[in-house]
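Enquirer:
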Amino acid sequence: MYKIGILIVIVSACFILGSSFIQKYDLAKSVARGKEAYASFCMNCHMEDGKGTDIFPPVAKTDYLKKPAKTLINIVLEGQSGEITVNTKKYNALMPAQAYLTDEQIADALNYIRNSFGNKITTPITPNQVKGLRQ
Ligand code: HEC
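Residues in the sequence shown are numbered consecutively from 319, following the working numbering.
What follows is the structure, given as structure tokens:
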């Protein structure tokens, strides 16, 4: 009887662990948090409507956000300078590195812009991916 009890405990522990592993990253919640992260850390330059300015490129409806997650994460972690083309327009300014943000803040801000302002990229960027790219 005692052994069966232990077995049940082990089986249910495995089940709980297993299901937390296969649980999908909640994109909707990340996007909701990302709205605030964007307002605090990105909006000054990329503007409230995401359309940027002559100097700061837009994050609204941009082809650039279709680039691999790694590229976008590195822009936030390492900054971005040198000429880039966003929606056929050339920009050449400097975005400072924002590595002081947490892995979650970076993932949330990117998930937010990738799913707002006319963009829809539903494969989430996760805090773990950000963590993996930190130097
Ligand atoms: C101080 C101004 C500034 C801030 C703050 C800033 N950026 Fe940028 N960002 C820029 C500039 C300038 C570029 C283009 C740099 C170049 O010309 O090479 C850029 C480029 C980008 C790009 C690639 C091009 C595009 O428009 O899609 C992405 C994506 C991006 N920023 C996301 C973010 C996110 C997310 C945040 C907040 C965590 C952020 N930026 C904060 C100035 C800023």
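A virtual CB, placed ideally from N, CA and C, is assigned to each residue, including glycine.
Small disclaimer: the values here were computed from a predicted structure and weren't measured.
Given the structure, does V327 come close to the ligand HEC, in the sense that its CB is under 7 Å from one of the ligand's heavy atoms?
Expert: V327 Cβ: outside cutoff for every heavy atom of the ligand HEC.
Enquirer: How far does the beta strand (DSSP E) with T403 in it extend, from its first residue to its last?
Expert: Looking at the DSSP string, the run of the beta strand (DSSP E) that includes T403 is 402 to 404.
Enquirer: Hey, quick one: how far does the beta strand (DSSP E) through K407 stretch, first residue to last?
Expert: Unbroken beta strand (DSSP E) run through K407: 407 to 409.
Enquirer: What is the rounded straight-line gap between the Cα of K321 and the Cα of K438?
Expert: Spanning the two alpha carbons is a distance of roughly 52 Å.
Enquirer: Nearest-angstrom Cα distance between A417 and N405?
Expert: Between A417 and N405, the C-alpha separation is close to 26 Å.
Enquirer: Between S399 and the ligand HEC, is the CB less than 7 Å from at least one heavy atom?
Expert: Yes, since a heavy atom of the ligand HEC falls inside the 7 Å radius drawn around the Cβ of S399.
Enquirer: Here's a check: name, in chain order, each residue in its chain whose Cβ is nearer than 8 Å to the Cβ of E401, leaving out the five neighbours to either side.
Expert: Closer than 8 Å at Cβ, skipping near neighbours: K408, Y409, N410.
Enquirer: In chain order, what residues of the same chain have a beta carbon less than 6 Å from the beta carbon of M413, not counting five sequence neighbours either side?
Expert: These residues qualify, in order along the chain: G397, Q398.
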